[in-house]
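There are 4 protein chains.
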Amino acid sequence: MPQGDSRTDSDTCPGGRVCRRHAAGEDPAKRDQILQGAMKEFLEKGFDGASMNEICRAAGVSKGTLYVYFEDKLDLFVALVAREREAIFAGFDALLKGDLPLEDKLTRFGQRLASTICTDHVIQWQRTIAGIVDRMPELGARFYEAAAQRTHDDLNALLRRERAAGRLDVPDPERASAQFIELTVAGIWRARLFGKRRTDPEPDEIEASVASAVQVFMAAYGRTSG
Amino acid sequence: MPQGDSRTDSDTCPGGRVCRRHAAGEDPAKRDQILQGAMKEFLEKGFDGASMNEICRAAGVSKGTLYVYFEDKLDLFVALVAREREAIFAGFDALLKGDLPLEDKLTRFGQRLASTICTDHVIQWQRTIAGIVDRMPELGARFYEAAAQRTHDDLNALLRRERAAGRLDVPDPERASAQFIELTVAGIWRARLFGKRRTDPEPDEIEASVASAVQVFMAAYGRTSG
Amino acid sequence: MPQGDSRTDSDTCPGGRVCRRHAAGEDPAKRDQILQGAMKEFLEKGFDGASMNEICRAAGVSKGTLYVYFEDKLDLFVALVAREREAIFAGFDALLKGDLPLEDKLTRFGQRLASTICTDHVIQWQRTIAGIVDRMPELGARFYEAAAQRTHDDLNALLRRERAAGRLDVPDPERASAQFIELTVAGIWRARLFGKRRTDPEPDEIEASVASAVQVFMAAYGRTSG
Amino acid sequence: MPQGDSRTDSDTCPGGRVCRRHAAGEDPAKRDQILQGAMKEFLEKGFDGASMNEICRAAGVSKGTLYVYFEDKLDLFVALVAREREAIFAGFDALLKGDLPLEDKLTRFGQRLASTICTDHVIQWQRTIAGIVDRMPELGARFYEAAAQRTHDDLNALLRRERAAGRLDVPDPERASAQFIELTVAGIWRARLFGKRRTDPEPDEIEASVASAVQVFMAAYGRTSG
DNA sequence: AATGAATGAGTGTTCATTCAT
DNA sequence: CATGAATGAACACTCATTCAT
Numbered sequence: 001m002p003q004g005d006s007r008t009d010s011d012t013c014p015g016g017r018v019c020r021r022h023a024a025g026e027d028p029a030k031r032d033q034i035l036q037g038a039m040k041e042f043l044e045k046g047f048d049g050a051s052m053n054e055i056c057r058a059a060g061v062s063k064g065t066l067y068v069y070f071e072d073k074l075d076l077f078v079a080l081v082a083r084e085r086e087a088i089f090a091g092f093d094a095l096l097k098g099d100l101p102l103e104d105k106l107t108r109f110g111q112r113l114a115s116t117i118c119t120d121h122v123i124q125w126q127r128t129i130a131g132i133v134d135r136m137p138e139l140g141a142r143f144y145e146a147a148a149q150r151t152h153d154d155l156n157a158l159l160r161r162e163r164a165a166g167r168l169d170v171p172d173p174e175r176a177s178a179q180f181i182e183l184t185v186a187g188i189w190r191a192r193l194f195g196k197r198r199t200d201p202e203p204d205e206i207e208a209s210v211a212s213a214v215q216v217f218m219a220a221y222g223r224t225s226g
Numbered sequence: 001m002p003q004g005d006s007r008t009d010s011d012t013c014p015g016g017r018v019c020r021r022h023a024a025g026e027d028p029a030k031r032d033q034i035l036q037g038a039m040k041e042f043l044e045k046g047f048d049g050a051s052m053n054e055i056c057r058a059a060g061v062s063k064g065t066l067y068v069y070f071e072d073k074l075d076l077f078v079a080l081v082a083r084e085r086e087a088i089f090a091g092f093d094a095l096l097k098g099d100l101p102l103e104d105k106l107t108r109f110g111q112r113l114a115s116t117i118c119t120d121h122v123i124q125w126q127r128t129i130a131g132i133v134d135r136m137p138e139l140g141a142r143f144y145e146a147a148a149q150r151t152h153d154d155l156n157a158l159l160r161r162e163r164a165a166g167r168l169d170v171p172d173p174e175r176a177s178a179q180f181i182e183l184t185v186a187g188i189w190r191a192r193l194f195g196k197r198r199t200d201p202e203p204d205e206i207e208a209s210v211a212s213a214v215q216v217f218m219a220a221y222g223r224t225s226g
Numbered sequence: 001m002p003q004g005d006s007r008t009d010s011d012t013c014p015g016g017r018v019c020r021r022h023a024a025g026e027d028p029a030k031r032d033q034i035l036q037g038a039m040k041e042f043l044e045k046g047f048d049g050a051s052m053n054e055i056c057r058a059a060g061v062s063k064g065t066l067y068v069y070f071e072d073k074l075d076l077f078v079a080l081v082a083r084e085r086e087a088i089f090a091g092f093d094a095l096l097k098g099d100l101p102l103e104d105k106l107t108r109f110g111q112r113l114a115s116t117i118c119t120d121h122v123i124q125w126q127r128t129i130a131g132i133v134d135r136m137p138e139l140g141a142r143f144y145e146a147a148a149q150r151t152h153d154d155l156n157a158l159l160r161r162e163r164a165a166g167r168l169d170v171p172d173p174e175r176a177s178a179q180f181i182e183l184t185v186a187g188i189w190r191a192r193l194f195g196k197r198r199t200d201p202e203p204d205e206i207e208a209s210v211a212s213a214v215q216v217f218m219a220a221y222g223r224t225s226g
Numbered sequence: 001m002p003q004g005d006s007r008t009d010s011d012t013c014p015g016g017r018v019c020r021r022h023a024a025g026e027d028p029a030k031r032d033q034i035l036q037g038a039m040k041e042f043l044e045k046g047f048d049g050a051s052m053n054e055i056c057r058a059a060g061v062s063k064g065t066l067y068v069y070f071e072d073k074l075d076l077f078v079a080l081v082a083r084e085r086e087a088i089f090a091g092f093d094a095l096l097k098g099d100l101p102l103e104d105k106l107t108r109f110g111q112r113l114a115s116t117i118c119t120d121h122v123i124q125w126q127r128t129i130a131g132i133v134d135r136m137p138e139l140g141a142r143f144y145e146a147a148a149q150r151t152h153d154d155l156n157a158l159l160r161r162e163r164a165a166g167r168l169d170v171p172d173p174e175r176a177s178a179q180f181i182e183l184t185v186a187g188i189w190r191a192r193l194f195g196k197r198r199t200d201p202e203p204d205e206i207e208a209s210v211a212s213a214v215q216v217f218m219a220a221y222g223r224t225s226g
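Residue numbers (the UniProt record's numbering), protein chains in the order written: chain P, 1 to 226; chain Y, 1 to 226; chain A, 1 to 226; chain F, 1 to 226.
So, in structure tokens, the structure goes:
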């Protein structure tokens with residue numbers, strides 16, 4: 001079984017040293033500057049292909065400085081993934097709340113989700129993460145969870161509520177959530193991931209795809225069609 | 001713009017040299033042996049992480065021998081991807097032919113597809129390819145196409161036939177094909193890709209997932225529900 | 001047609017990067033130390049025969065350090081040749097100036113020239129350069145020029161002056177300069193170059209050879225003999 | 001002191017094996033074919049830069065075959081140099097014989113010599129040999145001797161005869177021979193060797209250079225000028 | 001705290017040479 | 001006798017990391 005580096009099991013430095021090391025009075029702005037430079041390099045070249053030298057250059061920092069803020073290449077990568085993971089999937093929670101009719105909620109949520117995960121930047125992250133999962137399974141899993149917990153799970157909860165309210169006839173909300181998510185990007189996301197399509201989808205296309213997803217979903221699980 | 005190495009644009013050696021170089025009387029068994037060793041290494045470590053030394057060791061071949069059969073690391077990788085791409089997606093064409101009722105066809109096809117692309121081996125390939133797409137876009141695109149052309153396209157044709165026969169009410173067969181495919185692995189494949197789930201799904205799970213996919217699909221596009 | 005690497009066309013790094021890269025605060029002493037080690041290796045083995053590993057060992061520097069100071073093997077070689085070229089032929093300019101009678105000037109100049117270019121060290125350089133001229137024609141030409149411009153040309157000017165003063169009857173000073181130079185090392189230099197003679201010529205021999213050269217030259221071009 | 005491989009001390013295989021090995025019934029035509037291919041490669045790349053693979057390709061022979069005819073790279077090189085050495089300097093002996101007046105003899109000889117050793121092909125050989133002399137001193141010495149013995153020595157003998165006949169006033173015929181030879185290519189050969197001039201000299205130039213050489217020589221050593 | 005010169009093990013690749021066919 | 005696949009040591013060069021300043 002492939003065994004990822006133990007450090008990937010945690011976003012913090014080994015032994016919880018985060019506190020000690022980073023409390024020492026380091027400059028969070030410089031830290032961000034380094035992460036920014038590292039992102040460019042990691043996204044373009046992948047974990048193995050990225051060069052610490054290049055990261056220093058891109059970040060405008062010296063080698064020594066970089067190694068003050070991050071233990072090693074892996075530590076830097078893990079920190080970067082943690083930061084981006086949160087940034088990308090921030091704000092999804094709110095989308096399924098409020099008073100709108102179910103179909104509107106689904107549409108709003110689906111559009112935001114689809115457009116987000118098909119963005120060049122996010123696609124690059126997904127490729128980068130996928131490429132390293134074999135050796136850092138935890139890191140990939142947490143990346144996935146960050147998305148799932150803010151989409152799949154929220155959606156799941158919504159569906160249960162709608163079922164309870166008698167507005168949906170959905171035997172397995174868990175599965176239905178997953179199905180809806182896949183439907184929103186059907187035919188787009190996978191082509192993007194594998195480079196078959198190299199540009200961000202136009203808003204029209206997202207809209208059409210999500211509209212169809214909602215239609216299919218409601219045809220399958222809507223109460224009136226039962 | 002990402003610029004793939006030109007060699008990734010073609011599975012053959014540059015200038016069609018394949019014939020001259022590989023017809024020379026090289027041992028196809030040894031070639032396979034090398035590819036086998038290379039596969040282990042590339043799948044575990046990715047393109048950049050893989051070491052030619054390690055590949056030689058894994059294949060039980062000397063460095064010099066390897067370089068008789070393959071020009072360089074990239075050539076080896078491209079050849080390997082080409083081989084696997086064909087091997088993985090062989091035989092999908094037949095699944096949508098024959099006299100079975102539509103739902104049975106979809107089920108048979110969906111089960112084969114879902115179980116194939118969620119297999120550990122295929123998942124590893126997808127991760128490896130995804131990880132290198134940024135620098136070898138053509139290679140990723142061709143990998144995607146190999147799958148698409150044997151699944152999506154075949155399915156697409158089937159749906160058109162069914163629509164023509166009045167048995168389906170599908171406004172956009174293209175999209176519907178993609179939707180069905182995503183439905184079959186909803187909630188499974190993506191979790192597998194990102195390492196959230198580390199074992200092959202049980203046949204039951206595949207069956208249930210595909211059954212639900214067929215149900216949703218027919219609910220959305222079946223004639224009786226129109 | 002032989003095609004020299006473009007870098008050999010210039011002593012500086014490509015794009016005049018010399019300044020940026022080498023001004024960065026690198027240690028000139030270490031640079032010299034590397035050049036010293038490289039010289040030993042290049043002179044003994046030639047450009048192709050020299051090993052960067054061996055150069056590092058000889059210079060007492062690590063591989064990485066060497067590659068901080070020099071881009072690659074060629075860059076190192078070119079820099080070394082440039083340095084030596086200047087060092088070997090420094091100070092020749094002065095020898096033909098002053099108030100001495102022509103024959104004394106020729107003698108002084110001839111002795112210095114002959115003893116210089118028959119020295120083991122210079123002979124080794126000439127062999128090394130000659131051996132690589134086919135692939136780096138510019139480098140050889142510049143090495144030759146460094147010698148020519150400081151010997152041939154200066155001598156040429158002197159002869160013109162002497163002719164103008166009516167003290168020489170030399171129809172083609174250009175040719176006469178070349179002839180005098182060849183006469184000073186006649187029978188010695190070529191034998192040294194090809195290893196027929198393996199030790200530096202004794203001062204007596206140089207003196208005799210130059211004396212004869214002056215005699216022949218004056219017999220041919222001196223006014224009294226006209 | 002650099003010590004050349006002992007094999008360079010002799011043109012024959014070590015231990016005089018030449019006879020046994022080459023008597024075995026090998027094809028002299030194939031041997032020549034190999035030497036021809038090897039020449040191209042050695043002249044272009046030098047001894048170290050030359051690749052046995054490339055030589056095989058250029059010669060149209062397999063590796064195995066090559067190693068039947070020649071022990072190793074060095075053996076091949078030595079044999080090649082021996083062959084060329086003889087070929088280049090063949091026929092010089094005759095040039096100083098016959099009834100012509102001295103100056104005509106010198107001119108005829110000088111022209112043939114000058115045009116020969118300034119030829120592209122011979123210049124390439126001289127460079128190649130010079131480049132390897134440090135590690136194979138014997139080989140260089142023999143190359144030099146082949147030229148010297150057929151030029152310098154013959155000329156030397158002629159000068160002695162002429163002196164004896166009272167037609168020359170040459171105190172040191174040995175030196176005078178060397179001087180004449182250098183005079184014939186003054187300003188040309190060295191520039192060719194170091195790549196300062198990249199094309200064969202025109203016949204006019206050779207003629208003028210030799211004419212001047214004869215003039216200078218006769219002015220210095222001719223009886224009438226005594 | 002910050003630098004960037006220094007390290008040496010590591011990389012992918014080529015080599016002269018051997019030997020089973 | 002001829003072949004060219006096979007070898008593995010050597011090649012030029014890069015890397016993540018350290019540490020004197």
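Just so you know, even glycine gets a beta-carbon here, dropped at the ideal spot from N, CA and C.
Exercise. For Glu-86(P), I'd like the list of residues in its chain whose CB is within less than 8 Å of its CB, leaving aside the five on either flank, ordered along the chain.
Key: If we look at Glu-86(P) and ignore the five residues flanking it on each side, its Cβ neighbours are Ala-146.
Q.
Does Glu-202(Y) pass the burial test, meaning 16 or more other C-beta atoms within 10 Å, or should it be called exposed?
A. By the 10 Å Cβ count, Glu-202(Y) comes out exposed.
Notebook entry, point to check: Can you find a CB in chain P that lies within less than 9 Å of the CB of Leu-113(Y)?
Noted result: no
Taking a contact to mean a Cβ-Cβ separation below 9 Å, would you say Leu-96(F) touches Phe-77(F) in this structure?
no
Amino acids of chain P, ordered along the chain, whose beta-carbon sits closer than 9 Å to that of Ala-211(Y): Per Cβ cutoff of 9 Å: no residues; Ala-211(Y) is ~10 Å from chain P at best.
(Q) What does the alpha-carbon distance come out to for the pair Leu-183(F) and Gly-64(Y)? (A) Those two C-alpha atoms are separated by around 53 Å.
Would you verify that the beta carbon of Ser-177(Y) is, or is not, closer than 9 Å to some beta carbon of chain P? yes
- prompt: In chain order, what residues of the same chain have a beta carbon less than 7 Å from the beta carbon of Lys-73(Y), not counting five sequence neighbours either side?
  reply: Met-52
- Out of Gly-166(P), Asp-172(P), Val-185(P), which has the shortest C-alpha to C-alpha gap to Ala-208(P)? Answer by Cα proximity: Val-185(P).
*asked:* With a threshold of 9 Å between beta-carbons, can Leu-76(P) be considered close to chain Y, or not?
replied: no
| Going by DSSP, which residues form a beta bridge with Gly-222(A)? | Leu-168(A)
Notebook entry, point to check: Using 9 Å as the limit for Cβ to Cβ distance, is Leu-43(Y) near chain P?
Noted result: With 9 Å as the cut-off, Leu-43(Y) counts as an interface residue toward chain P.
*Which term fits His-152(A), buried or exposed, when burial requires 16 or more other beta carbons within 10 angstroms of its beta carbon?*
buried
My assumption, with CB atoms under 8 Å, is that Asp-200(F) sits in contact with Thr-119(F). Please give the rounded CB distance. 6 Å
Is it right to say Ala-164(P) is buried, meaning 16 or more other beta carbons lie within 10 angstroms of its own, or is it exposed? exposed
Cutting at 8 Å between CB atoms, please list the residues of its own chain near Glu-41(Y), excluding the five before and the five after it.
Ala-50, Ser-51, Glu-54, Ile-55, Ala-58
Exposure of Ala-213(A), with buried meaning 16 or more beta-carbon neighbours within 10 Å: buried
Check your understanding: In chain order, what residues of the same chain lie with their CB nearer than 7 Å to the CB of Ile-123(P), ignoring the 5 residues before and after it?
Key -> Arg-192, Leu-193
Please report how far the alpha carbon of Leu-158(F) lies from the alpha carbon of Ser-177(F), in whole angstroms.
9 Å
Note to self: For Tyr-69(Y) and Lys-30(Y), which I take to be in contact (beta-carbon distance under 8 Å), what is that distance rounded to the nearest angstrom?
What the structure shows: Lys-30(Y) and Tyr-69(Y) do touch by the CB rule: their CB atoms are close to 7 Å apart, below 8 Å.
Grab the span of the alpha helix (DSSP H) containing Met-39(F) for me, first residue to last.
28-49
- Helix, strand or coil: which one does DSSP assign to Pro-101(P)? coil
(message) Pop quiz: Asp-93(Y) and Arg-150(Y) are said to be a contact at Cβ under 8 Å. What is the actual Cβ separation, rounded to whole angstroms?
(response) 6 Å
- Tell me whether Met-52(Y) sits in a helix, a strand or coil according to DSSP, three-state version. Residue state, collapsed to three classes: helix.
Identify which residue in Glu-26(P), Phe-217(P), Val-61(P), Arg-112(P) has its Cα closest to the Cα of Pro-171(P). Relative to Pro-171(P), the option among Glu-26(P), Phe-217(P), Val-61(P), Arg-112(P) whose CA is nearest is Phe-217(P).
For Ala-130(A), would you say it is in contact with chain F, using Cβ-to-Cβ distances shorter than 9 Å as the test? yes
Item to check | Residue ranges of each alpha helix (DSSP H) within the stretch 70-157 of chain Y, 4 or longer | outcome: 73-88, 102-117, 120-132, 137-150
Fill in: Residue closest to Ala-90(F), alpha-carbon to alpha-carbon, out of Leu-113(F), Leu-168(F), Asp-204(F), Gln-215(F)
Nearest in C-alpha terms to Ala-90(F), of all of Leu-113(F), Leu-168(F), Asp-204(F), Gln-215(F), is Leu-113(F).
task: Run the CB neighbour count on Glu-26(P), radius 10 Å, all protein chains shown included, and call it buried at 16 or more, exposed below.
output: By the 10 Å Cβ count, Glu-26(P) comes out exposed.
For the stretch 136-169 of chain A, which residues have a CB atom closer than 7 Å to at least one CB atom of chain F, in sequence order? Pro-137, Gly-140, Ala-141, Phe-143, Tyr-144, Glu-145
From Gly-131(P) to Trp-189(Y), what distance separates their C-alpha atoms? 15 Å
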